[in-house]
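Undergrad: Chains as they are written, first to last, in the working numbering: chain A, 1 to 367; chain B, 1001 to 1367; chain C, 2001 to 2367; chain D, 3001 to 3367. Even glycine gets a Cβ: it sits at the ideal position worked out from N, Cα and C. The structure displayed is predicted, hence computed values, not measured ones. Can you read through this structure? Questions will come right after.
4 protein chains.
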Amino acid sequence: MAGSTYGTIFQITTWGESHGEAIGVVVDGCPAGVPIEASDIQFYLDKRKPGQSKYSTPRKEADCVEILSGIFEGKTTGTPISMLVHNKTQRSSDYSEIASYYRPGHADYTYDKKYGFRDYRGGGRSSGRETIGRVAAGAIAVKILKELGIEVLSYTKSIGNVEIDYNRFDVNSIETNPVRMPDAEAAKKATLLLDEKRKELDSVGGVIECVIKGIPAGIGEPVFEKLDANLGKAMMSIGAVKAFEVGSGIHSSQSFGSENNDQFYYNEANQVRKKTNNAGGILGGISDGDTIVVRAYFKPTPSIFSSQDTVNKSGENISVQIKGRHDPIIVPRAVVVTEAMASLTVLDLLLLSMTNRLDKIRDFFHR
Amino acid sequence: MAGSTYGTIFQITTWGESHGEAIGVVVDGCPAGVPIEASDIQFYLDKRKPGQSKYSTPRKEADCVEILSGIFEGKTTGTPISMLVHNKTQRSSDYSEIASYYRPGHADYTYDKKYGFRDYRGGGRSSGRETIGRVAAGAIAVKILKELGIEVLSYTKSIGNVEIDYNRFDVNSIETNPVRMPDAEAAKKATLLLDEKRKELDSVGGVIECVIKGIPAGIGEPVFEKLDANLGKAMMSIGAVKAFEVGSGIHSSQSFGSENNDQFYYNEANQVRKKTNNAGGILGGISDGDTIVVRAYFKPTPSIFSSQDTVNKSGENISVQIKGRHDPIIVPRAVVVTEAMASLTVLDLLLLSMTNRLDKIRDFFHR
Amino acid sequence: MAGSTYGTIFQITTWGESHGEAIGVVVDGCPAGVPIEASDIQFYLDKRKPGQSKYSTPRKEADCVEILSGIFEGKTTGTPISMLVHNKTQRSSDYSEIASYYRPGHADYTYDKKYGFRDYRGGGRSSGRETIGRVAAGAIAVKILKELGIEVLSYTKSIGNVEIDYNRFDVNSIETNPVRMPDAEAAKKATLLLDEKRKELDSVGGVIECVIKGIPAGIGEPVFEKLDANLGKAMMSIGAVKAFEVGSGIHSSQSFGSENNDQFYYNEANQVRKKTNNAGGILGGISDGDTIVVRAYFKPTPSIFSSQDTVNKSGENISVQIKGRHDPIIVPRAVVVTEAMASLTVLDLLLLSMTNRLDKIRDFFHR
Amino acid sequence: MAGSTYGTIFQITTWGESHGEAIGVVVDGCPAGVPIEASDIQFYLDKRKPGQSKYSTPRKEADCVEILSGIFEGKTTGTPISMLVHNKTQRSSDYSEIASYYRPGHADYTYDKKYGFRDYRGGGRSSGRETIGRVAAGAIAVKILKELGIEVLSYTKSIGNVEIDYNRFDVNSIETNPVRMPDAEAAKKATLLLDEKRKELDSVGGVIECVIKGIPAGIGEPVFEKLDANLGKAMMSIGAVKAFEVGSGIHSSQSFGSENNDQFYYNEANQVRKKTNNAGGILGGISDGDTIVVRAYFKPTPSIFSSQDTVNKSGENISVQIKGRHDPIIVPRAVVVTEAMASLTVLDLLLLSMTNRLDKIRDFFHR
C-alpha cells in the first residue's frame, strides 16, 4: 500500500524527485521473453521530455534511460527490470526561495503537513518528473499489448475552450503539432490561445482522450476491480488530473435510458456488436470487446509567473512571483503519461483474467 | 486482487447475488473498541433498501442485517465482522427469460464472455444489491470517522437536467424528499421529470455530490495512492457511475491558472486557509484540511420497460421488453452508497497516515 | 493486510469465533466452472470436526456447511463463494471463569494487550475452530488441483516420540486409525502414549508431513514469493505450529554439499529427474517437478487439565485448573488443515505462474 | 504479488542479478524524519560483502551503496528511497560453461522451466547477491526499530555439527571470529571443520539464531498474518534456508503440555512475565513482550568444487566440476541477512499495529 507501487501482477514501483540524483522505476512481474531495448523505452520518454516546444518547460533534460537489470540477451527474463534516468540540469537554486512559502495549487503545503518537512527542490516527489518512471514502465506494457493485438492511443481533445472536431480527426497529425491534437485546425487555434496566455504569464488546462482497441471482452473484475474503476484511479493518480469519464460519461447523467443504452446486434460475421458506444467499451466494469474510450481532465499548470497571494512559514500573508522553468500547459506532455497508465492498467487486468475459467486453466496446463 | 475486496488496513470483502440466499460482507482490520449495534448498520441499509418511494423498485425487501462475528459485549473486538442480509423475495421466475438474451446496458454479455456462463437471476453479482455489503461496512467506517470528528455527507446534485441551486441549499431537506436533493424546489422539479419518464417507460441519470468535512491535512499517499485517485476508484466502482470529478474538476480543464489556483492566507486564528476551493480539498493527492468535494455521474438505469433491440444466444437479432422490478432512477438510493465508499476510502488512508512520521510513531509507542 | 485474508488470486477471507453465532469464509477469485456441492466441502469438514475419537474434544458439533453465494447450477460462477457453519453447542458458561485470568500457552494475554479486551469465550478468534474457514476453502482448492492432476496428501508423521516407519508406510491406513498415521503399528503405539497422557491430564505434540504430487516445474516466484516461503507461512499460520521444514530441512543444516545436493539425470523417457529429493521438490523457491515434501511441527495442546500457575487480571499470581472440552492432541484433526493450507498456497502460485511467459500468454489469448 | 516486493506498510522492492549492471532496492512507506546516511547502510552491507574471510567467496566487491532518492538534508522524506550497488567484478566468463547444464542444488533448472530461458551468469536473480537489496533496506528498518527501543540480533548457532554452548555465550565475540559465533571455542572448532571441508572441495550447512528484544506485546495479526508466520516466510525466503522454528519449535513437538506451557507470573514491578520462554515470545501469533527467538536452518552451499553428476541441455547425462568463486559456507555472511529480514518484518507489523484500537487512534489524531 506504499504509494509508489502500482499493479498486482504486472507491478511497477517508481521513485525519485525532480531535483535529486535520478528518477526511476522497477517493473516486477513482467513476463519473460519480451524483446526490449533501451530505444523502446527512450521513444516514449522522448514524448514526455521537457523542451519539446515553446509550450513546455525550457529545462533541458535528455532523460536518457539506463536499464540496470531484468534484460538478458535482449529479452526480459521475468525478474525485476530496473530503469533510471539521471537528473542532469537540476538547478536547485531556483527553488531556494520557495522553501519558505507554499505555492498556490501545488502540493507544498500538504507535503509539509503530512511529513513535517519537505524536499522543496522543485516539488520533490510531487513534481511532474515523477511520471518518468510511469512512462518507462508503460513502454514495456505497450510492447506486450501490441504482441497481443491491443493498441492504446492518447491525444489532446481540448485545450482551454478549443476542442477537436471529430470530422477532421487525423491520427497522423497528433505528432506533427506541438499540442498533440489529431486535428490540425484545432491545434492551430490552441497554439494561439497558448501564445496569448503565455504572454499574460498564465496557464491553461485541457482534456486528453485515450482509446484502447483490440481488447477482448471479459477484462476487468466485478465489484471493486472494475476496468473503469481502475482506469479512473490510474488517470486520477496523474498530478493535475481533476476528473475522469468513460464513454458518454458526464453527458449520460443528463440522458435517458432509451438514449443511453447501447443496443446489441449480430454483425455479418455473426459477432455481437453494439449499435452505439455510450458505454465506452465497458459494461458492468468488464470490457465488452468494443473500443474503450476514457478521458482525463487536467487543471491548468499551477506554476504561473504572474503575482499570487499566499502564506510563508513565518506566519505572514505575502505576494509571490514564482520563478523557475515551467510549462504553460501540461497536457501535450501528459499525453504519453495517460497512454502509459492505461497500458499498465489494461495489461495487469488482462493477465489477471487468464485465471477466470477452469476450462481455460486446464487447457493452459495440459497442452 | 480478487475483485470483491476493498481497502488495505480497514479491508472489506463483499459477496452475494441479487437472487441467491443472502448478501453480505466481512470487515477485517476494524479497530477494536468501536461500539456497534445492529441498528447502527440498519439505519444506513434502510436508506438503500428498495421500495422507499414510487421512484424505486417495488421489490419489497426488509434487508435486515445479521451480525455473525467480531462484536463482543457491544464493541468490535478487532477481528473480522461478518454481516449478512437474507434475500427474501427473490422471484427468479422474472428472470427465466433473460437467460436467453443480453439486456442492453447491463453486464449480461460481459459476464458471459468472462466466465463462460452467468448467474442470470437478476444480474447476479452485477446487481445493485451487491452494494448492501458496501453500505453495511460503510456504516462502521462512518461511526469511526465520527469519533474522529470527520463527517461524510452525500446528496443528489442533479437528476437529468434538473440541478440544485446552492442558494437554496438545505441539508435538512435531503431526507424529506424522495430524490434526496438538498433543495426542495429542485426536488419537486425532479420528481415531475421522473413521473414523466416513468410514464414513457424510460429512465433518468443524475449526479451525486459528496462532501467530507473535518479531515485533517496530510491524508493520501503520493503518486499512485492519492486521496482523489482512491476516491475516484471508489466511486467508479459503483455500478452505473460513468464519470468522477474532484473540486472544480471538469470546469478546471477550461480555466486558467490565475483563476483556478486557490490562494493561501492565514485566518484570524493563524491557520492556513485557501480563499477558494477549486482543489476540492486535495492538493497533490493529499488532503489540505479544507472540505473535500467530489462528484459521481450516474448513467440512467439500463433496465427500461420500453422495447429495445438486442441479440439472443441462438444468434438472432431480437426485440425485447424487460420485465421485473426496477428503479426508474438509481441516484437517490445510491446516495448512501457513495457515502459508504467515501467513508471506507478516507478511513483506510487515515489509518495508513498514522505511519507517516517517525516523531509521531515514537510518541505513539512511548506514551 | 488485514490478518484474515490469504492469497492473491485465489483469495480467502475467514471470520468467526469459537463461541459466536457462526464461523465462515469467503472465497474470491475462484475460477468459474468448478463443479461444487455442499458434500464436497462437508467431506473435509468432517475430517476436522470435533468428537471423532476419544483423542479429540468431546464438544459435539455437526459443523454443517451452508453455501450462500457464488455457485449457480452446481458450478462456481467466478464470483465470491460465501460458506458458513453455525456454532451449535457453544457453552460459554465453561468460559466465564477464564475471563479473569490468562491461560498458559494460549493467546489470552496477547489478545488483551493488543486490543484492550478480548472475546474470552473459548479463545474467540484464536480458537482452533477458526480453521473451519480454511478447510472449507481448501476443499475447493483441492478440487481444482485434482482437475489439474495435482494431489495434496497430509498425515501424521509423529506423535510425541512415536514416529512412523517408512518401510511400513500404507496410505490406506491413514483414515483407519484415530491418529491418522500411515503406519498401523506406530499408530497403535501413539494411541497408547495418548491414553497415558490423557490419564495424567497432560497433552502431546507431534509432526504432520504433507506431500504434493503432480505439480509442474516452475511454480513459485523468485525472492520473496518463493513456494517454500509461502508454504512456510501457510503452515506457521496454523495455531500451535512452531516449526516448518522442506525436504531434508533441519538435517541439511548438519550435512555437506556433496551429500545434500540432488544430482540430476535423464530418465528413460528423457525427462530430467533428481537422484534424491533432499530439496523437497523446490529449488530456488520454485517447484522442480518432483514431489514436494514439507513438515509442520505442532506443540502440545496448551489446554491441559492439571493445575498450572498463572496470573489473573486483579494482579494476583494464582493456580488454575482449566475446564472445558479440549483435545489431548491437536495433530490428527489438524492433518486436514495442513492439506487445506498447502492446497490454497499451491493453487494461488499456480494461477500466478500462468503469467510468467510471453509466448504462453500469446497462445492463451490467440487460440 | 510480484515476487520481489516485501511488506505492506514499510515495503521494499529489490532488483538485480549477480552479474548485471547493479543490484538495488526501493524502500517505500518509510516514515519521514529518519536520519540516514550512506554509512548507516554501508555498515550492514560490509557484514554481507564477499571476501571477508577465507570462508567466503574470493570475489572482491566493495559493494558501495549509492542513495538516489528519498533522503533530503540527511533525513528520510517519506517518499521512496532508492539505493543501489554497482557490480564491479562480474566475470561472466566464469559462467559461459554453466549455460549449457544445470548445477545440482541450484535454481538453474527451475528458472529455465519457469521462464523458458535464464540469465545464466552466476545464478542471475537466484544468486545470493540478491540479498544486497534486503540488507540495505534492513539497515533502515534497524535504525527505526532502535529509535523505538527494539533490538534485533542474529548470530551463528551451529555449523555442521558444531554448536555453540550457551554457558559460553559472549555477544562481543560475534564479530571477532570469521563464523560469527557468540562462543569463541565453538567458533574455533567450526573453522577447523570448514578448513577440512574446503580441502575436500565440499561445503557445510548451519543454523542462525535471531533474537528480538524490546518488542511490545500485541504485535502480529490474528490468523494469517501472525508474527511467527511472517517471520517464517521472511526467513524461508532467504535462499538456502530449508527450515524455520520459533522458540522451542521442533523440540516442542516431542514434549508435553505440562512441560511446554510457559506459566505466567507477576514480577516485582507488577508486570506479567513468563517463567520460561518455550513460546519464543509469540502466543497466538502475537508478541507477548518477551524476547522473540527464531532460528533458520541453512543447507550447505550447493556450489562445490568436487565432481558431480548432472544433465546438460543436449539431453546428456554428464559429470561436471563447477568453477567460479563460491563460499564453502553461507551462514556467516547470511547472519546480517536474517537480521535484515527480521527487522523488516517486525517493523511492518509494528506500524500496522498502530491501527488496532480506537482509543489509541483517537488519541493519535486528537493530541
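Using the Cα positions of residue 1044 of chain B and residue 1277 of chain B, report the straight-line distance between them to the nearest angstrom.
TA: Roughly 29 Å between the two C-alpha positions.
Undergrad: Note down the Cα distance separating residue 1016 of chain B from residue 3121 of chain D, rounded to an integer number of angstroms.
TA: Taking the straight line joining both Cα atoms gives about 51 Å.
Undergrad: Can you check whether the CB of residue 2030 of chain C is closer than 9 Å to the CB of residue 2076 of chain C?
TA: Taking 9 Å as the Cβ cut-off, residue 2076 of chain C and residue 2030 of chain C qualify as a contacting pair.
Undergrad: If you drop the 5 nearest sequence neighbours on each side, which residues of the same chain put their C-beta closer than 6 Å to that of residue 378 of chain A?
TA: Nothing can be reported for residue 378 of chain A: it is not among the residues displayed for chain A, which extend from 1 to 367.
Undergrad: Looking at the strands, I want to know which residues DSSP matches up with residue 1295 of chain B.
TA: B/1209 and B/1245, per the DSSP bridge assignment.
Undergrad: Please check the pair residue 1160 of chain B and residue 1205 of chain B, which I expect to be a contact at CB under 8 Å, by giving their CB distance rounded to whole angstroms.
TA: Yes, residue 1160 of chain B and residue 1205 of chain B are in contact; Cβ-Cβ is about 7 Å, under 8 Å.
Undergrad: Between the segment 3034 to 3048 of chain D and the segment 92 to 111 of chain A, are three or more C-beta pairs nearer than 8 Å?
TA: In short, these stretches do not touch, since the Cβ pair count stays below three.
Undergrad: Could you tell me the boundaries of the beta strand (DSSP E) in which residue 3083 of chain D lies?
TA: First-last of the beta strand (DSSP E) with residue 3083 of chain D: 3081 to 3086.
Undergrad: By the DSSP assignment, the beta strand (DSSP E) with residue 2048 of chain C in it spans what residues?
TA: No beta strand (DSSP E) contains residue 2048 of chain C, which is instead part of the alpha helix (DSSP H) from 2038 to 2048.
Undergrad: So the beta strand (DSSP E) residue 1016 of chain B belongs to, where does it begin and stop?
TA: Counting along the chain, the beta strand (DSSP E) containing residue 1016 of chain B begins and ends at 1011 to 1016.
Undergrad: Could you round the C-beta distance between residue 2059 of chain C and residue 2070 of chain C to whole angstroms and report it? I think they count as a contact, below 8 Å.
TA: Not really, about 29 Å apart at Cβ, beyond 8 Å.
Undergrad: So what does residue 22 of chain A bridge to, in DSSP terms?
TA: DSSP, once it has assigned bridges, lists A/86 as partnering residue 22 of chain A.
Undergrad: How about residue 3085 of chain D and residue 3097 of chain D: are their beta carbons less than 9 Å apart?
TA: Going by C-beta atoms, residue 3085 of chain D is not nearer than 9 Å to residue 3097 of chain D.
Undergrad: With a threshold of 9 Å between beta-carbons, can residue 353 of chain A be considered close to chain B, or not?
TA: Yes, its Cβ sits closer than 9 Å to a Cβ of chain B.
Undergrad: Quick one: what does DSSP say residue 1357 of chain B is sitting in, helix, strand or coil?
TA: Correct three-state label for residue 1357 of chain B: strand.
Undergrad: Apply the 10 Å Cβ neighbour rule to residue 149 of chain A and answer buried if 16 or more other Cβ atoms are within range, or exposed otherwise.
TA: With fewer than 16 Cβ atoms within 10 Å of its Cβ, residue 149 of chain A is classed as exposed.
Undergrad: Would you decide whether residue 192 of chain A is buried or exposed? Buried here means 16 or more other CB atoms lie within 10 Å of its CB.
TA: Exposed, since its Cβ has fewer than 16 Cβ neighbours within 10 Å.
Undergrad: Have a look at A/153, A/184, A/361 and A/178 and flag the residue whose alpha-carbon is nearest the alpha-carbon of residue 444 of chain A.
TA: With chain A running from 1 to 367 in the structure shown, residue 444 of chain A is simply not present.
Undergrad: Excluding the 5 residues flanking residue 132 of chain A on each side, which residues of the same chain have their C-beta closer than 6 Å to its C-beta?
TA: Closer than 6 Å at the Cβ level, and outside the excluded window around residue 132 of chain A, lie 23 and 85.
Undergrad: Where do the N-terminal and C-terminal ends of the alpha helix (DSSP H) with residue 227 of chain A fall, by residue?
TA: Here the alpha helix (DSSP H) through residue 227 of chain A covers 227 to 236.
Undergrad: Which residues in chain C have a C-beta closer than 7 Å to the C-beta of residue 79 of chain A? List them in chain order.
TA: Those within 7 Å of residue 79 of chain A in chain C are 2222.
Undergrad: Under 9 Å between C-beta atoms, does residue 3033 of chain D make it to chain B?
TA: Yes, residue 3033 of chain D counts as interfacial toward chain B.
Undergrad: Using a Cβ-Cβ cut-off of 8 Å (strictly less than) and excluding sequence neighbours within five positions of residue 200 of chain A, which residues of its own chain qualify?
TA: Correct list, in chain order: 306.
Undergrad: Answer yes or no: does any C-beta atom of chain C fall closer than 9 Å to that of residue 9 of chain A?
TA: Chain C contact via Cβ: present.
Undergrad: Would you decide whether residue 3207 of chain D is buried or exposed? Buried here means 16 or more other CB atoms lie within 10 Å of its CB.
TA: Buried: at least 16 other Cβ atoms inside 10 Å.
Undergrad: If you reduce the DSSP assignment to three classes, tell me which class residue 332 of chain A lands in.
TA: DSSP places residue 332 of chain A in helix when its eight states are reduced to three.
Undergrad: Tell me, please, whether the CB atom of residue 2321 of chain C is closer than 9 Å to any CB atom in chain D?
TA: False, the Cβ-Cβ gap to chain D never drops below 9 Å.
Undergrad: By the 8 Å beta-carbon criterion, what residues does the segment 145 to 171 of chain A contribute toward chain B?
TA: Hits within the stretch, in order: 158, 160 and 161.
Undergrad: Taking the continuous beta strand (DSSP E) assigned at residue 1151 of chain B, which residues delimit it?
TA: Residues 1151 to 1159.
Undergrad: Work out the CA separation of residue 3146 of chain D and residue 1268 of chain B for me, nearest whole Å.
TA: Roughly 42 Å separates the two Cα atoms.
Undergrad: Could you pull the DSSP bridge partners for residue 283 of chain A from this structure?
TA: DSSP lists A/286 as partners of residue 283 of chain A.
Undergrad: Please name the residue in D/3126, D/3129, D/3128 and D/3136 whose C-alpha comes closest to that of residue 3040 of chain D.
TA: Closest by alpha carbon: D/3136.
Undergrad: Could you name the residues of chain F that residue 2244 of chain C contacts, counting a contact when the two beta carbons are closer than 8 Å?
TA: You won't find chain F in this structure, because its protein chains are A, B, C and D.
Undergrad: For residue 318 of chain A, which of helix, strand or coil comes out of DSSP?
TA: Three-state result, residue 318 of chain A: strand.
Undergrad: Grab me the residues of residue 2300 of chain C's own chain with a C-beta within less than 6 Å of its C-beta, minus the 5 sequence neighbours each way, in chain order.
TA: Result list for residue 2300 of chain C: 2203, 2204 and 2205, in chain order.
Undergrad: Within 10 Å of its beta-carbon, does residue 3308 of chain D have 16 or more other beta-carbons around it, so buried, or fewer, so exposed?
TA: By the 10 Å Cβ count, residue 3308 of chain D comes out buried.
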